[in-house]
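Residue numbers (the numbering used here), protein chains in the order written: chain A, 57 to 490; chain Y, 2 to 508.
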Amino acid sequence: MITVGAAVLVLFAVFRVFDFLYVKEDNWTRILWHNYYKTENIDNVFLGSSHVHCDIDPFILDEMNGMDNFNMSIPFMRMNGAYYVLKEMTADHDLKNVYLELYYIPSTGEQGDVMSEISLQWNWYITDHMRPSLNKLQFMLSMSRRDKYLDTLFPFIRYREHIFDTPYISELVQLKTSDDYRNYRLRYENGNGEPTLWYRDKGYHYNLGVMPEYTLAYLQEIDLQTQGDIPSNTEGYLRKIIEYCKEKNIHITLFINPIYETQILSTIEYDAYHRQILAIADEYGLPFYDFNLCKSEYLDIMHRENFADAGHLNSVGAEMFTPFLWEVLSGDSELNQKYFCQSYEEKILLDAPETYGLYYLYNDDMREYTIVSNRETEIEYKVIAVTEEGEERMIQDFSVNKGFALQKDEQGMLTIISRMKGQTEQLGMLEIKY
Amino acid sequence: MLFNSTDYLIFFPVVFLVYYMIPKKVRYIWLLAASYCFYMRWNPWYILLLIGCTMTTYIAARLIERDHKVQEDGSVHCSRAVLIVCVLVLLSVLGYFKYYDFFLAYFNKFLAVFHIGPVNRRFSVLLPVGISFYILQALGYVFDVYRGEVYAEKNFLKYALFVSFFPQLVAGPIERSRNLLTQLAKPAKITWHDFGKGLLLILYGLFCKMVIADRIAIIVNRVYDDYTSYPGLYIAYAAVLFSFQIYCDFYGYSTIARGSSLMLGIKLTDNFNAPYYSRSVKEFWRRWHISLSSWFRDYLYIPLGGNRKGELRKEGNLLFVFGVSGLWHGASISFVVWGFLNGLYQVISDVFMRWKSRFKQILNERCSWVSANEPHQSTTFSRQLLRTIMTFILITITWIFFAANQMKTALKIIKQLFSVFNWEIFFDGSLYTLGVGREYTHVLFCGIVILMIVDYLKYKGKDVAELVLRQGEWFKILCFVTLIAVCMLLGCYGEIYDTQQFIYFQF
């Protein structure tokens, strides 16, 4: 019996060595879990994808509500991940409020299928850093098919292709023996040694980066895959989360963080997704706030300077968004309705005409672009391309046409000049890399 | 359910734990239920076939035994008729599922000679897994009862478990009733030693299958599937590797079966005994797939007259039995040729040995200067090594027919083998381009070396598992942990590999 016990211990020690040598971790998730297990008290949890840790500043919330707030946010967290993470948290803390963020990409279409291959990859990031518990085991066994159990239970198995890849191993060993890694530090600096991005405790990702104008071209591929529908297993887990909170007497609120217009407008029908969530929220009598539908007069955030990229606010945006978020979350849900439009379509028409950027798709050798603006036919666009070699050519003169195509391997700068139809005054000009 | 699948990794511990938690009296019922579940994972409907065969042989054995008792009173003799009917029923089932299409194709060719149109009633149903194995096992039992060597089992459920015992159900070893049935009736008490040995056997079996056989499969499939692009020594390389692939595949399966069974307190026959150390094809067949060879010996070769009716009849019997053995393996001429070739080797060897001994006799009689006390050359190391290598080469040639599945393909592969002498492929890295890179090829050859060391110890009569278990605790731990870690890290499984079914599952 002692021999069996010793053999099991030695075996797990060997597995730990393999994990150290081969497993490439998601540094953010690792640091987040480490910080979470060190946190003594959490009253309010903001649960969701990376949008939560970028967009919500828990320190502002602490000041505003006098409670302990924590962003439990993991990139592309699927609904089953959110359910088991929540269970983990309720075992450790006496939670008062759960604010569940519902970013549309991990909740819809193929991406949103919690049993899909891509969901499994993201869920592995969660289980790799969770402490051993029955809840973790349940999560592991429920999140994958039987043929993936070994990959789920023993992370190094997923990286077996690197067994003899010495550059990979040495790079990983170097990373894992670095001071930052061992001390759970996440910090990026600019050329002058000034910090631009770092982990600020409580699950907050402080980011000073600004989405450059020339990156306003957004690859649409994932958004098309989502197609607006919430898969039944994701909906099932959403319902489980709601019912679990009710059972534990925890207040739950559903919400969606603001994302930049180029991304929302590239979806097939964002409103369809909004309506599905709203129906579920109504069924359970829960408040649901979609900040993408928020009127600009109350939250004027849709400016490039507030975003780090098309999906995430930077810290300037977060400092603007968090107080308003709390005002809404702590307010009366009936009265809160004045802040929001009924649909996204209605919201963009309320805003002044504006051109936000581009989204594109690859089609054989071509890149097919669509100009993103908040008007269907009322704005005209002139598009000029300047190749890297300096050759300038006009793609189209002022026209309401939003679509054009360029060679996939061609690179340069696109200038989009917009004006209202039939007018000569320029509405805006964007310079976007392609 | 494959032994190297996650399903089995869940299935077996559950069976094991429940088995030791329930009362001894009902354990065989639990094992029967588990065995049926195991079988139904492939195709639930084929369980009816298994139950049908079980019932047929159960009733036949009971009738034969009753007839034996009646005969003692001097009454009617009908056991032979029962036996014949039982054999015909079971062989018809086997023939229908396994050989219908094969014989129909040849029947149509025969009709074509007389300008008669073909019979278009092809039977495209998946071959029930393990049918060839459990039918032979059940038939062996009926023969034993007929010969009065064992009593017919009265408890139908125990008998059903004998036919369907999951570790050996789909690819053997083909057990004799006097070994398995008696153990199933009263399984031995499990000890830590048996538990450890069982686990060690399972791990070693997985090592053979996942680290060696399935990695070789990548190379062999690449070469044989596109043999026109890989002429000369590529074929030789693949042929040699296939010898190890089929061995590690089948031996791996049998070892896992033995280990699983041992953990349930039941000892299965060891199906292999270091076959590639054999010094003749005859010896090879005493060491390879032992349960099948002994089945054919006891129930076919000996009843045909064996070696009791003269040399010519003996050689004829040998060729016939090996031809049938080939056909048993697969419904294709290439399998028959494979079996026949193995028989032919032995016939040639017998004839040669007879001539040799006659020549020696003559030499002794006529040439007084030939000393009778001269040391016997066949015992020298070099001569033994040469014979072992020659046997390996001869067996490897036969495996080409086995691997090819089609006679035409086998002949084309052999033709390709002699098309060019491209010896440089062994030095210019070409062998690493066959789907298995340099490092993994080295892993493969290390695996083969370990296999051959273990086999050598076995050849010398040592039980390696027992040897390991006799060592100190830390050595044992090291062996277990190393085997698990090697299988997990270097085994071919998961989505980065195309996991291979066990080759013998198709038979």
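Each residue gets a CB set at the ideal place from its N, CA and C atoms; glycine is no exception.
Relative to the Cα of K155(Y), the nearest Cα in the group L170(Y), R223(Y), L64(Y), L201(Y) belongs to L64(Y). The contact set of I174(A) on chain Y, defined by CB atoms closer than 9 Å, is empty, because the minimum CB distance reaches about 14 Å. Considering only beta carbons, the part of the stretch 454–482 of chain Y lying closer than 7 Å to chain A consists of E474, K477, I478, F481, V482, in chain order. Here N136(A) is buried. Its C-beta has 16 or more other C-beta atoms within 10 Å. Taken through DSSP and simplified to helix, strand or coil, H330(Y) comes out as helix. Annotated three-state conformation of Q332(A) is helix, per DSSP. Pairing G367(A) with Q319(A) gives a Cβ-Cβ distance under 8 Å. Setting aside the 5 residues that flank it on each side, M476(A) is surrounded in the same chain by P409, E434, I435, L483, each with a C-beta closer than 7 Å to its C-beta; the list follows chain order. Non-local C-beta neighbours of R216(Y) in its own chain, meaning closer than 7 Å and more than five positions away in sequence, comprise V437, Y441, L445, C493, ordered along the chain. Taking a Cβ-Cβ cut-off of 9 Å, the neighbours of G495(Y) in chain A comprise D203, K204, L206, D207, I213, R214, R216, given in sequence order. Within the model, the alpha-carbon separation for V456(A) versus E487(A) is close to 19 Å. Taking C-beta atoms as the reference points, D453(A) and S399(A) fail to come closer than 8 Å. DSSP, reduced to helix, strand and coil, places M57(A) outside both helices and strands of the structure shown, so it counts as coil.
The three-state secondary structure of G459(A), taken from DSSP, is strand. Annotated three-state conformation of N125(A) is strand, per DSSP. Under the three-state reduction of DSSP output, K461(Y) falls in the coil class, being neither helix nor strand. One thing to note: K351(A) has its Cβ within 8 Å of the Cβ of Y395(A). Between V164(Y) and A186(Y) a beta carbon distance of about 14 Å is seen, past the 8 Å cut, so the two are scored as non-contacting. Judged by DSSP secondary structure, Q482(A) falls within the beta strand (DSSP E) whose first and last residues are 482–489.
Secondary-structure assignment with DSSP links T443(A) through a beta bridge to G468(A). Non-local C-beta neighbours of T378(A) in its own chain, meaning closer than 7 Å and more than five positions away in sequence, comprise I112, D113, I116, L117, ordered along the chain. Its Cα nearest to that of H443(Y), the residue V212(Y) stands out among N406(Y), V212(Y), S292(Y), K361(Y). Residue state for N430(A) is assigned as coil, using DSSP reduced to three classes. Counting the other Cβ atoms within 10 Å of the Cβ of M354(Y) gives fewer than 16, which makes it exposed. Put simply, of I286(A), Y316(A), E375(A) the residue whose alpha carbon is nearest the alpha carbon of G165(A) is I286(A). Counting only residues of its own chain and dropping the five nearest sequence neighbours on each side, C301(A) has a CB closer than 6 Å to the CB of V154, I308.
In the displayed model, P211(A) falls within a helix according to three-state DSSP.
Residue ranges of uninterrupted alpha helix (DSSP H) with 4 or more members, entirely inside the stretch 308–392 of chain A and ordered along the chain, are 317–321, 326–340, 371–386, 389–392. Counting along the chain, the unbroken beta strand (DSSP E) around F102(A) starts and ends at 100–104. T222(A) sits exposed, since fewer than 16 C-beta atoms from the chains shown fall within 10 Å of its C-beta. Straight across, the Cα-Cα distance linking L77(A) with L369(A) is about 35 Å.
Every alpha helix (DSSP H) stretch that sits fully inside the stretch 203–255 of chain A and reaches 4 residues is listed by chain position as 205–209, 222–232, 235–238.
At least 8 Å separates the CB of E316(Y) from every CB of chain A. Taken in chain order, the complete beta strand (DSSP E) segments of 3 or more residues contained in the stretch 112–149 of chain Y number zero; there are none. Residue-level contact check: L345(Y) does not touch chain A, since none of the beta carbons of chain A fall below 8 Å from its beta carbon. The beta-carbon of L201(Y) is placed no less than 8 Å from the nearest beta-carbon of chain A.
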